[in-house]
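Colleague:
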Amino acid sequence: MLQAVGIVSEYNPFHNGHLYLLNQAKQVTGADVSIAIMSGNWLQRGEPAAFDKWQRTRAALLSGVDLVVELPVVAAIQPSHIFSAGAVNLAATLGCQWLAFGAETPDMDYQRLISNQPQKDPSFKQFNRPYASIFQDYLFKKTGIRLNQPNDILAFGYANANDEAGSPLKLVPIKRVGSPHDDPEIKADSAFASASAIRRAIANHSLQTVQEVVPEPSMAMIKQQPMLTWDDFWPWLRFELVENPVNQLHSIYQMSEGIEFRLKRAAIKAESFTEFLHLVKTKRYTYTRIQRLCTY
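In the numbering used here, the protein residues as written are 186 to 481.
1. Taking DSSP as the reference, what is the three-state secondary structure of Pro335?
2. Leu284 to Phe341, Cα distance in whole Å?
3. Between Phe325 and Leu252, what straight-line distance do the alpha-carbon atoms span, to the nearest angstrom?
4. Report yes or no: do three or more beta-carbon pairs, one from the region 231-248 and one from the region 398-405, lie closer than 8 Å?
5. So, are the CB atoms of Glu272 and Val193 less than 9 Å apart?
6. Roughly how many angstroms separate the alpha carbons of Asp416 and Ala235, rounded to a whole number?
7. Rank Glu349, Lys360, Ala376 by C-alpha distance to the C-alpha of His200 and give the top, closest one.
8. Excluding the 5 residues preceding and the 5 following His390 in the sequence, name in chain order all residues of the same chain whose CB lies nearer than 8 Å to its CB.
9. What residue does the beta strand (DSSP E) around Pro358 start on, and which one ends it?
10. Determine the closest residue to Asp368 out of Lys355, Lys360, Arg384, with distance taken between C-alpha atoms.
11. For the alpha helix (DSSP H) holding Ile453, just list the boundary residues, first then last.
12. Counting C-beta neighbours from all protein chains within 10 Å, is the total for Tyr295 16 or more, i.e. buried, or is it exposed?
13. Kindly indicate the opening and closing residues of the alpha helix (DSSP H) around Trp419.
14. Buried or exposed: Thr467, going by 16 or more other Cβ atoms within 10 Å of its Cβ?
15. Pick out whichever of Ser352, Asn226, Ile437, Ala451 has its Cα sitting closest to the Cα of Gly280.
16. What residue range does the alpha helix (DSSP H) around Phe236 cover?
17. Note down, in chain order, each residue of its chain lying with its Cβ closer than 7 Å to the Cβ of Cys479, except the 5 sequence neighbours on either side.
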């Protein structure tokens, strides 16, 4: 019987760091098959994928992934704990023996974090801070473990979801190499760059630097396909927010605490999606939460 390793991914776009993780996952596990569990056209942070799911799938397959399966949108555009649970459940359903993922701190004591999760702590009812920030501070006070890096947060989510499901998967956290997750620049003479830096370079038409940090199939996709951003969807989003009454906006998933009024006021004033985000942003509402609301 073939043994498979699942790899949680967005491939936005597939770059050399993803190729490194893929090769490491195969080497560490000895798996016969690699299955990428990939978000579709909309991503976990409430953003459109820079390239559509079919082009990203093609680039991943040509770069060595054996099978790409889409993470359903109901899990893909969610806070980290729901995203992680969706990925774990799908990997287990597909019959994967392992789940591999990148992490800034792969040797983190996940079990200790899981055992010290808050239940119903009154300190969580604060309206001047995001829930995630309060959650991370709580765990740090209990365990001394700082959980504040993007991939570490998702890694904890995978470990927790796997634990809740009865541990159907063997977890394979792999040390992230190269640039930090949101590093805005491609470093000279480096084979690795963050997806954020790659997208920024594409937007600035700096394809010469991009080709040093992505496999050839991804480079071919980048040259052939226009890159999408929220700016491409802003006219339609603005229309929906301005034209629909607030009671209809309130019925949208995760719309709470009257934020629909804030969204509508900002949409009326803003001339661009970036300006809109700045108008809506508060200490409590992160850019990611706002973007996910806009996606819904």
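Ideal Cβ placement from N, Cα and C applies to all residues, glycine included.
Modeller: Checking against the coordinates, here is how it stands:
1. helix
2. 13 Å
3. 38 Å
4. yes
5. Sequence check: residue 272 is Ala here, not Glu. Closer than 9 Å, so yes.
6. 11 Å
7. Ala376
8. none
9. 355-360
10. Arg384
11. 444-454
12. buried
13. 419-428
14. exposed
15. Ser352
16. Looking at the DSSP string, Phe236 is not in any alpha helix (DSSP H), and its letter there is neither H nor E.
17. Gly231, Leu422
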